[in-house]
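A.B. asks:
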Amino acid sequence: MRTPRLSATTGLVLLTAAATTLTTGPLRAQTARTPRSAAQAKPTALESGVDRLAASPAVVAAMQAIQKDNAWTLDQQASLCEIPAPPFKETQRAAAYAQRLRQLGVQNVRTDSEGNVIGEIRGNRPGPTLLLAGHLDTVFPEGTDVSVKREGTKLIGPGIGDDCRGLAVVLVVAKQIITQKIPFNGRLLVSGNVGEEGPGNLRGVRALFNKTLKDSIDLFISVDGTGIGITNGGVGSNRYRVHYKGPGGHSYGAFGMPNPIHAMGRAIAKIADLEATTKPKVTFNVGIVTGGTSVNSIPFEAAMDIDLRSESAAALAEIDARLQKTLRDALAEEKARWPNSKAALQLVIDTIGIRPAGTTPDSTFIVRAALASARSMNLYAPLTTSSTDANVPMNLGIPAVTLDGGGVGRGAHSLDESYDDRSDGYKGPQWVLLVTLSLLTQR
Ligand SMILES: [Zn+2]
């Protein structure tokens with residue numbers, strides 16, 4: 000998911016309910032940079048090439064069909080969303096997605112051992128392999144009412160924007176490339192992948208790049224989020240559950256031994272004082288603390304959840320090293336406070352999530368093609384930094400972006416999530432189609 004978002008039409012930051020309800024997923028779009036103004040300069044060779052592509056008969060026909068067939072896209076989005084896909088339980092939605100890809104004429108549709116659905120559309124000549132994906136999983140547990148309500152142009156239901164919109168966009172792009180027989184070079188792989196959200200920790204895309212499709216992907220686009228925007232900076236995160244443990248005892252009778260909560264308090268005070276740079280942006284957070292059983296017991300355990308983030312892998316590794324030292328120092332200080340105590344005090348660090356950081360520089364072909372396609376369609380597409388499936392290829396040095404799927408989304412990760420198609424939601428899939436074809440024709 001992606002939030003808060005920059006509105007494509009107003010440029011205002013839209014704070015959605017997700018900002019407060021988000022417990023497992025990353026908070027996205029920490030920065031937004033303005034792309035080169037289209038009006039300022041004469042078109043580059045790439046921009047002219049994309050304009051010519053957009054004016055070619057097959058692409059014009061596909062663009063018109065996407066607009067005319069908009070109800071089909073919305074039906075796909077709503078009906079996929081009514082198939083539950085809790086974290087690690089995406090099988091049912093995956094099967095439906097595979098079925099729909101086959102019906103569209105996508106070839107070699109299969110499901111890998113992780114649960115990702117993958118299909119293939121072959122181009123006319125040799126060229127790069129582009130993987131275009133939306134994620135199947137939601138943040139909602141089993142038993143959630145996933146029925147979708149319609150109010151005018153608005154669809155309301157858990158996951159309707161994040162990422163049923165992306166799944167529908169991938170379908171309609173594949174449909175039009177096949178139906179209009181649009182020529183291109185190389186291979187277009189399309190995927191509904193598992194495990195994007197917090198608990199899944201990008202497991203689906205990790206499996207695609209490290210196993211299923213290892214060394215065979217040249218370019219990656221994830222369609223995730225609403226509006227029109229390009230995510231080309233991937234915020235990495237390291238998340239830990241840290242425990243301090245001891246024997247515990249009576250607060251009066253056993254006094255004089257290390258106290259796990261005191262040790263954790265020392266650690267938190269040190270974490271609060273960590274230095275963090277703003278360029279690159281580095282963040283740290285103790286988000287949950289637990290421990291203790293009663294006011295008159297020395298606790299046997301204290302625990303806290305910590306989240307570290309940066310778009311720079313080096314900066315993330317650096318603050319991680321300082322955090323680990325801080326945790327050990329707090330342990331040593333609490334032990335040293337009671338030198339005569341024989342009671343043990345232990346530090347246990349569980350990793351609860353690692354998301355790799357990475358960046359696809361503004362100057363790369365994939366970013367320029369996405370901007371040139373927006374320019375060609377007269378759309379404003381800001382460049383943003385957040386945490387998405389594209390983090391994985393970015394970290395591997397493979398050109399990757401996450402594109403928004405059009406429309407206006409609200410309340411991602413909440414039960415009253417909505418997607419409003421308004422009058423021009425179809426421009427999302429039109430744009431994704433043009434970016435996809437640019438990448439497979441313009442070099
Ligand atoms: Zn998402």
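Heads up: the sequence shown at position 427 corresponds to 426 in numbering that gives the first Met the number 0, and the numbers run straight through without jumps. Cβ coordinates follow ideal geometry from the N, Cα and C atoms, glycine included.
1) Looking only at its chain, what residues have a beta carbon closer than 6 Å to the beta carbon of Arg202, apart from the 5 residues adjacent to it on each side?
2) Sorry if obvious, but does the Cβ on Asp415 come closer than 7 Å to a heavy atom of ligand 1?
3) With contact counted as at least three CB pairs below 8 Å, one residue from each stretch, are the region 388-395 and the region 332-344 in contact?
4) Let me check understanding here. Comparing Cα to Cα, which of Ile177, Leu414, Lys280 and Leu131 lies closest to Arg308?
5) What does the alpha-carbon distance come out to for the pair Gln441 and Gly126?
6) Would you kindly work out how many angstroms separate the C-alpha atoms of Arg421 and Gly151, rounded to a whole number?
7) Along the chain, which unbroken stretches of the alpha helix (DSSP H) at least 4 residues long are found entirely within the region 307-361?
8) Starting from Asn184, trace the beta strand (DSSP E) both ways and give me its first and last residue.
9) Looking at C-alpha atoms only, which residue of Gly427, Phe364 and Thr359 is the closest neighbour of Asn231?
10) If I follow the unbroken beta strand (DSSP E) through Val234, where does it start and stop?
11) Going by beta-carbon coordinates alone, are Glu310 and Gly235 separated by less than 8 Å?
12) Answer yes or no: the CB of Asp223 versus the heavy atoms of ligand 2, is any distance below 7 Å?
13) Would you call the region 176-193 and the region 113-122 in contact, with 3 or more CB pairs under 8 Å?
14) For Ser55, which residues of its own chain have a beta-carbon under 6 Å away from its beta-carbon, when the five flanking residues on both sides are left out?
15) Is it right to say Asp162 is buried, meaning 16 or more other beta carbons lie within 10 angstroms of its own, or is it exposed?
16) Based on the DSSP output, what are the partners of Asn295 in its beta bridges?
17) Tell me Glu150's beta-bridge partners as DSSP assigns them.
18) Can you list, in chain order, the residues of its chain whose CB lies under 7 Å from that of Lys269, leaving out five sequence neighbours each side?
19) Confirm the yes/no value for this check: CB of Glu195, any heavy atom of ligand 1, distance under 7 Å.
20) Just how far apart, CA to CA, sit Gln102 and Pro182?
21) Return yes when the Cβ of Ile177 is within less than 8 Å of the Cβ of Thr435, no when it is not.
22) Using only CA atoms, which one of Thr211, Gly142 and Pro42 lies nearest to Glu113?
23) Output needed for Pro85: all residues of its chain with C-beta closer than 7 Å, excluding positions within five of it in sequence on either side, in chain order.
24) Which partner residues does Asp419 have in the DSSP bridge list?
25) So within the region 236-293, which uninterrupted alpha helix (DSSP H) runs reach at least 4 residues, ignoring any that extend past its ends?
26) Cα-Cα, which of Glu196, Ala95, Thr363 and Gln91 is closest to Pro398?
27) I think Pro298 touches Ile260, with their Cβ atoms under 8 Å apart; what is that distance to the nearest whole Å?
28) I'd like to know if the region 65-83 and the region 413-433 are in contact, where contact means that at least 3 CB-CB pairs between them fall below 8 Å.
29) Could you compute how far the alpha carbon of Gly233 sits from the alpha carbon of Asp415?
30) Name the DSSP beta bridge partners of Val116, please?
31) Check whether the Cβ of Asp162 sits closer than 7 Å to any heavy atom of ligand 1, and report yes or no.
32) Please identify the residue among Asp403, Phe87 and Pro428 whose C-alpha is closest to the C-alpha of Ser385.
33) Taking Asn339 as the reference, which of Phe254, Ser146, Leu166 and Val59 has the closest Cα?
34) Considering only DSSP beta bridges, list what Thr401 is partnered with.
35) What would DSSP say about Arg4, mapped onto helix, strand or coil?
C.D. replies: Quick look at the numbers:
1) As a working mapping, residue 202 is identified with position 203 in the sequence shown. The answer, listed in chain order, is Gly194.
2) Along the sequence shown, read from residue 1 onward, the residue named residue 415 stands at position 416. Incorrect: Asp415 has no Cβ contact closer than 7 Å to ligand 1.
3) no
4) Here residue 308 refers to the residue found at position 309 when the sequence shown is read from its first residue. Here the closest residue by C-alpha is Lys280.
5) Sequence index remark: in the sequence shown, residue 441 carries index 442 (1-based). Sequence index remark: in the sequence shown, residue 126 carries index 127 (1-based). So the two alpha carbons sit approximately 11 Å from each other.
6) One-based indexing of the sequence shown puts residue 421 at position 422. One-based indexing of the sequence shown puts residue 151 at position 152. Roughly 9 Å separates the two Cα atoms.
7) 312-336
8) Indexing the sequence shown from 1 puts residue 184 at position 185. Counting along the chain, the beta strand (DSSP E) containing Asn184 begins and ends at Asn184 to Asn192.
9) For this step, residue 231 is matched to residue 232 along the sequence shown. It is Thr359 whose Cα lies nearest to the Cα of Asn231.
10) Counted from its first residue, the sequence shown places residue 234 at position 235. First-last for Val234: undefined, no H or E at that position.
11) Residue mapping note: residue 310 aligns to position 311 of the sequence shown, counting from 1. Residue mapping note: residue 235 aligns to position 236 of the sequence shown, counting from 1. In contact: Glu310 and Gly235 (Cβ atoms closer than 8 Å).
12) Of the ligands this structure carries, namely ligand 1, none is ligand 2.
13) yes
14) Numbered from its first residue, the sequence shown carries residue 55 at position 56. Answer for Ser55: no residue qualifies.
15) Start at 1 with the first residue of the sequence shown, and residue 162 comes out as number 163. The residue is buried, with at least 16 neighbouring Cβ atoms inside 10 Å.
16) Along the sequence shown, read from residue 1 onward, the residue named residue 295 stands at position 296. Answer is none; Asn295 lacks a bridge partner.
17) Position 151 of the sequence shown, counted from the start, is the residue given in the question as residue 150. In the DSSP output, where bridge partners are listed per residue, Glu150 has Lys153.
18) Within the sequence shown, residue 269 is the residue found at index 270, counting from 1. Excluding positions up to five away in sequence, the list reads Thr325, Asp328 and Ala329.
19) In the sequence shown, residue 195 corresponds to position 196, counting from 1. Checking the Cβ of Glu195 against ligand 1 gives yes.
20) Looking up residue 102 in the sequence shown gives position 103. Looking up residue 182 in the sequence shown gives position 183. Straight-line Cα distance between these residues: approximately 20 Å.
21) Here residue 435 refers to the residue found at position 436 when the sequence shown is read from its first residue. Here residue 177 refers to the residue found at position 178 when the sequence shown is read from its first residue. No, these two residues do not count as a Cβ contact at 8 Å.
22) In the sequence shown, counting from the first residue as 1, residue 113 sits at position 114. Per the Cα distances, Thr211.
23) Against the sequence shown, residue 85 aligns to sequence position 86. Answer for Pro85: Thr137, Phe139, Pro140 and Glu141, listed in chain order.
24) Position 420 of the sequence shown, counted from the first residue, corresponds to residue 419. For Asp419, which the question treats as bridged, DSSP gives the partners Lys153 and Val407.
25) 259-271
26) As a first step, residue 398 must be located in the sequence shown, where it is residue number 399. Nearest C-alpha to Pro398: Thr363.
27) Along the sequence shown, one-based indexing puts residue 298 at 299. Along the sequence shown, one-based indexing puts residue 260 at 261. With 8 Å as the limit, Pro298 and Ile260 qualify as a contact, their Cβ atoms being about 5 Å apart.
28) yes
29) Here residue 233 is taken as the residue at index 234 of the sequence shown, counted from 1. Here residue 415 is taken as the residue at index 416 of the sequence shown, counted from 1. Roughly 27 Å between the two C-alpha positions.
30) Along the sequence shown, one-based indexing puts residue 116 at 117. Partner(s): Thr110 and Gly191.
31) For the purposes of this step, residue 162 is identified with residue 163 of the sequence shown, where counting begins at 1. Asp162: yes, Cβ under 7 Å from ligand 1.
32) Sequence index remark: in the sequence shown, residue 385 carries index 386 (1-based). Considering only alpha carbons, the answer is Asp403.
33) The count along the sequence shown starts at 1 and reaches residue 339 at position 340. Of the candidates Phe254, Ser146, Leu166 and Val59, the one whose C-alpha sits nearest the C-alpha of Asn339 is Phe254.
34) In the sequence shown, the residue the question calls residue 401 occupies position 402. Per DSSP, Ser221 and Thr230.
35) Start at 1 with the first residue of the sequence shown, and residue 4 comes out as number 5. Here Arg4 scores only 37 on pLDDT, less than 50, and its place in the model should not be relied on; the value that follows carries that caveat. Of the three classes helix, strand and coil, the one that applies to Arg4 here is strand, per DSSP.
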